[in-house]
Amino acid sequence: MTQSTPPLTSGALPILGHAVEFQRKRAALMQRGFAEHGPIFGLKLANQNVAVVIGPEHQKQFFMETDGRLSIQEPYKFLQAMFGEALFLAPHDKYLEQRPLVQELFKRDKMLLYVDIMQEVVQEWLDGLGDSGEIEITEEIGTLVQKVAGDCFLGREVNQAVGREFWDLYTDVGKALDPLLPPNLPLPKFRKRDKAKARMTEILGPIIAERRKNPDKYSDFLQDIINKAGEDDKPVDEEMVRNLLMALMFAGHETTAGQAAWTLIFLLQHPDYLQKVMAEIEAVAPAGEHITPKRMVQLDHIAWAVREVERLRPSADMLMRVVKEDIEFGDYTIPAGWLVQVAQEIGHKLPDQFAQPEQFDPLRYAPDRAEDKQHRFGLFGFGGGTHKCTGMNFANNEMIIIAALMLRQFELELVTQHTEILRGLGANRPTPTVVRYRRKTAVNQEIGDQKLEMDPISTL
Ligand code: HEM
């Protein structure tokens with residue numbers, strides 16, 4: 001067994017270590033650590049030691065290690081004040097009980113239903129946009145993603161009945177996200193969170209009670225959770241239903257909105273590739289046609305763009321575990337109590353995995369190149385192993401549908417020319433980016449009108 005701990009990256013300040021740089025300039029810090037020491041290097045965040053591990057084999061070890069040795073629960077404990085013991089926030093045995101329950105909610109037959117709901121919701125939104133205008137793309141898609149999640153998970157009826165209030169309360173809960181402060185301090189944001197949770201209990205209580213009485217009347221995600229038996233074959237208790245719903249909404253909201261927005265931004269920034277996307281949409285699923293599962297799998301070029309966004313602009317770029325017993329990574333020993341972290345910022349940009357890694361090049365996923373298939377843990381925007389994202393297919397389908405439906409009905413143009421990564425506590429997203437849109441029927445109409453005006457001239 002090797003004895004040395006990972007070498008410390010330069011630039012650690014007394015007391016704070018790299019904490020400030022980690023918050024403000026994480027990418028540069030990671031690149032420096034990698035350049036100085038290679039695929040395993042140390043950071044110090046105040047008095048917390050951190051080991052960053054890079055490269056597909058180390059990423060594999062990170063994702064495949066047991067929760068007993070590398071705990072996922074501990075670094076995310078601060079989320080418990082928001083979602084209780086939902087999913088990996090629960091002790092391991094409870095997590096193992098909940099996991100199949102949640103996985104079942106994303107099985108194929110459900111997914112087919114969700115894909116139809118996604119199309120309905122996105123189409124309604126597009127119908128409401130008018131013929132032309134400007135939108136800030138991430139905010140707009142964020143609201144859309146809430147509507148999709150609400151209709152899929154709460155059921156359309158419930159979502160319409162409680163929708164806006166539910167999402168406002170959800171926002172109050174989300175704003176209390178704080179990895180540093182004790183969650184019970186008497187601060188306004190924590191009080192607001194607790195008030196929102198109490199109100200949510202009032203709203204969902206009667207809905208859950210009614211569904212327990214009539215389990216066959218509804219067939220949506222909320223009903224599926226309610227129908228499931230929990231521990232000892234007893235029904236899942238009401239608090240757990242609420243916590244699971246909230247946790248799933250949270251896991252999928254900002255993340256999907258951010259990457260869906262990046263997909264459109266990148267496509268508009270790369271007109272050559274966009275042409276291929278448009279040709280494919282025209283051939284496979286032109287405007288007005290429902291996107292059936294058969295059509296969906298033929299929309300390769302959008303799917304590759306979505307995957308390239310996962311690589312270059314992952315919403316969740318900080319995956320962490322706490323070391324519970326000393327563990328070897330490569331030539332080093334990482335002692336119990338350290339944090340271990342994988343970093344897409346570098347792991348997704350290794351030139352031996354991805355050719356010209358800084359470039360947006362979705363064709364790298366075409367079958368003749370298949371760069372993502374070289375190693376199972378080369379691309380990990382949705383994590384990997386035991387805790388791999390349960391909502392990955394849901395999110396990818398949603399991002400494909402949003403992009404396809406928007407692009408086939410509207411001419412889009414970027415008003416904001418430069419978009420950067422805005423790093424948040426929950427998820428990364430693009431800095432505010434305005435997109436101008438014009439409905440294609442309106443564009444065609446104008447061309448038609450011009451033609452009419454020109455016709456008399458051309459007949460002179
Ligand atoms: C683009 C959108 C999304 C991204 C980038 C994303 C990313 C991730 C990542 C990286 C993890 C692993 C965390 C870790 O290992 O530390 C994860 C886990 C998870 N995600 Fe997602 N996610 C997305 C959408 C969704 C959606 C839509 C849902 C559900 C509605 C969802 C539900 C979950 C759940 C339940 C887990 C925990 C899995 C487990 O521990 O068993 N995610 N996600």
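According to the numbering used here, the sequence shown is numbered sequentially starting from 1. We treat Cβ as the ideally placed atom computed from N, Cα and C, and that holds for glycine.
>> I'd like the list of long-range same chain contacts for I72, defined as Cβ closer than 7 Å, with 5 residues on each side in sequence excluded.
In response: Taking the sequence shown and counting its residues from 1, one reaches residue 72 at position 72. Same-chain partners within the cutoff: F88, R321, H387.
>> For ligand 1, is there any heavy atom lying closer than 6 Å to the beta carbon of L407?
In response: To locate residue 407, count along the sequence shown from 1; it is residue 407. It does not: the Cβ of L407 is nowhere closer than 6 Å to a heavy atom of ligand 1.
>> I need the straight-line Cα distance from I302 to L101, nearest angstrom please.
In response: For the purposes of this step, residue 302 is identified with residue 302 of the sequence shown, where counting begins at 1. For the purposes of this step, residue 101 is identified with residue 101 of the sequence shown, where counting begins at 1. Rounded to whole angstroms, I302 to L101 spans 31 Å at the Cα level.
> Which residue's Cα is closest to the Cα of E139: R438, T256, Q374?
Replying inline: If you number the sequence shown from 1, residue 139 lands on position 139. Ranking R438, T256, Q374 by Cα distance to E139 puts T256 first.
> Are the CB atoms of V306 and N396 nearer to each other than 7 Å?
Replying inline: Position 306 of the sequence shown, counting from 1, holds the residue named residue 306. Position 396 of the sequence shown, counting from 1, holds the residue named residue 396. Their beta carbons are under 7 Å apart, which means V306 touches N396 by this criterion.
> How would you label T9, buried or exposed, when you count the other beta carbons within 10 angstroms and need 16 or more for buried?
Replying inline: Position 9 of the sequence shown, counted from the first residue, corresponds to residue 9. When all chains shown are included, T9 counts as buried.
> Which residues are close to ligand 1, meaning CB closer than 5 Å to any heavy atom, in chain order?
Replying inline: F88, L248, A251, G252, T255, T256, Q259, S315, A316, L319, F382, G383, H387, C389, T390, G391, F394, A395
> What's the gap between the Cα of I208 and the Cα of R99?
Replying inline: What you label residue 208 is simply residue 208 of the sequence shown in a count that begins at 1. What you label residue 99 is simply residue 99 of the sequence shown in a count that begins at 1. Whole-angstrom Cα-Cα distance: 21 Å.
> So what's E411 in DSSP terms, helix, strand or just coil?
Replying inline: By 1-based counting over the sequence shown, the position of residue 411 is 411. It is a strand residue.
> If we cut at 7 Å on Cβ distances, does W304 have a partner in chain B?
Replying inline: No chain B is part of this structure, which consists of one protein chain only.
> Using the C-alpha atoms, what's the distance from K213 back to F221?
Replying inline: Walking along the sequence shown from the start, residue 221 turns up at place 221. Walking along the sequence shown from the start, residue 213 turns up at place 213. Cα to Cα, F221 sits roughly 16 Å from K213.
> Between the C-alpha atoms of L126 and A403, what's the straight-line distance to the nearest angstrom?
Replying inline: In the sequence shown, the residue the question calls residue 126 occupies position 126. In the sequence shown, the residue the question calls residue 403 occupies position 403. Cα to Cα, L126 sits roughly 11 Å from A403.
> What does a CB cutoff of less than 8 Å around E308 pick up in its chain, not counting 5 residues either side in sequence?
Replying inline: Here residue 308 is taken as the residue at index 308 of the sequence shown, counted from 1. Within the same chain, E308 has close Cβ partners F266, F360, D361, P362, R364, Y365.
> What is the rounded straight-line gap between the Cα of Q23 and the Cα of R423?
Replying inline: Looking up residue 23 in the sequence shown gives position 23. Looking up residue 423 in the sequence shown gives position 423. C-alpha separation (whole angstroms): 9 Å.
> In the structure shown, what three-state DSSP assignment does I490 receive?
Replying inline: Absent from the structure is residue 490, since the part of the chain shown begins at 1 and ends at 460.
> What is the DSSP secondary structure of L154, counted as helix, strand or coil?
Replying inline: The residue you call residue 154 lines up with position 154 of the sequence shown. Of the three classes helix, strand and coil, the one that applies to L154 here is helix, per DSSP.
>> If the criterion is Cβ atoms closer than 7 Å, does the pair V342 and V323 meet it?
In response: The sequence position of residue 342 within the sequence shown is 342, counting from 1. The sequence position of residue 323 within the sequence shown is 323, counting from 1. It is not a contact, given that the beta carbons lie outside the stated cut-off.
>> Just to confirm, is the Cβ distance from V122 to I401 under 7 Å?
In response: Here residue 122 refers to the residue found at position 122 of the sequence shown. Here residue 401 refers to the residue found at position 401 of the sequence shown. Going by C-beta atoms, V122 is nearer than 7 Å to I401.
>> Restricting to runs no shorter than 4 residues, where is the alpha helix (DSSP H) found entirely within the stretch 226-271?
In response: 238-269
> DSSP on G205, reduced to helix/strand/coil?
Replying inline: As a first step, residue 205 must be located in the sequence shown, where it is residue number 205. Three-state DSSP puts G205 in a helix.
> Taking the Cβ atom as the reference point for each residue, do E280 and M30 lie within a distance shorter than 7 Å?
Replying inline: Working through the sequence shown from its first residue, we reach residue 280 at position 280. Working through the sequence shown from its first residue, we reach residue 30 at position 30. Contact: no.
> Helix or strand or just coil, what does DSSP make of G163?
Replying inline: For the purposes of this step, residue 163 is taken as residue 163 along the sequence shown, with counting starting at 1. Of the three classes helix, strand and coil, the one that applies to G163 here is helix, per DSSP.
>> I need the DSSP call for G84, collapsed to helix, strand or coil.
In response: One-based indexing of the sequence shown puts residue 84 at position 84. Residue state, collapsed to three classes: coil.
> Between which two residues does the alpha helix (DSSP H) harbouring Y510 extend?
Replying inline: It is not possible to answer for residue 510, since the shown part of the chain is limited to 1 through 460.
> Roughly how many whole angstroms lie between the Cα atoms of G391 and D67?
Replying inline: In the sequence shown, the residue the question calls residue 391 occupies position 391. In the sequence shown, the residue the question calls residue 67 occupies position 67. Computed Cα separation, rounded: 20 Å.
> For S10, which beta-bridge partners are listed by DSSP?
Replying inline: Here residue 10 refers to the residue found at position 10 of the sequence shown. In DSSP, S10 forms no bridge with anything.
> How about I54 and G426: are their beta carbons less than 7 Å apart?
Replying inline: Taking the first residue of the sequence shown as 1, we reach residue 54 at position 54. Taking the first residue of the sequence shown as 1, we reach residue 426 at position 426. Contact flag unset, no.
>> Bridge partners for T433 per DSSP, in chain order?
In response: As a first step, residue 433 is located in the sequence shown; it is residue number 433 there, counting from the start. Under DSSP, T433 shares a beta bridge with no residue.
> Apart from the five residues on each side of it in sequence, which residues of its chain come closer than 6 Å, Cβ to Cβ, to W167?
Replying inline: Translated into the one-based positions of the sequence shown, residue 167 becomes position 167. Taken in chain order, the residues that qualify are Q146.
> When DSSP builds the beta bridges, which residues end up paired with H17?
Replying inline: Here the question's residue 17 lines up with position 17 in the sequence shown. Reading off the sequence shown, one finds Gly at residue 17, where the question assumed His. According to DSSP, residue pairing for G17 in a beta bridge involves L13, L45.
> Taking contact to mean at least 3 C-beta pairs separated by less than 8 Å, is the stretch 104-122 in contact with the stretch 150-167?
Replying inline: At 8 Å Cβ cutoff, the stretches touch.
>> For Q223, count the other beta carbons within 10 Å of its own beta carbon; 16 or more makes it buried, fewer makes it exposed. Which is it?
In response: Looking up residue 223 in the sequence shown gives position 223. Around the beta carbon of Q223, 16 or more other beta carbons lie within 10 angstroms, which makes this residue buried.
>> Can you tell me whether G252 sits near ligand 3, meaning its C-beta is under 6 Å from at least one heavy atom of the ligand?
In response: As far as ligands go, the structure on display features ligand 1 and does not contain ligand 3.
> If you draw a straight line from the C-alpha of V177 to the C-alpha of A283, how long is it?
Replying inline: Counting from one through the sequence shown, the residue named residue 177 turns up at place 177. Counting from one through the sequence shown, the residue named residue 283 turns up at place 283. The sequence shown places Leu at residue 177, rather than the Val named in the question. Between L177 and A283, the C-alpha separation is close to 45 Å.
>> What does the alpha-carbon distance come out to for the pair P206 and E238?
In response: By one-based count along the sequence shown, residue 206 stands at place 206. By one-based count along the sequence shown, residue 238 stands at place 238. Approximately 11 Å between the Cα atoms of the pair.
> Pairing CB atoms from the stretch 37-44 with CB atoms from the stretch 290-301, are three or more of them under 8 Å?
Replying inline: no
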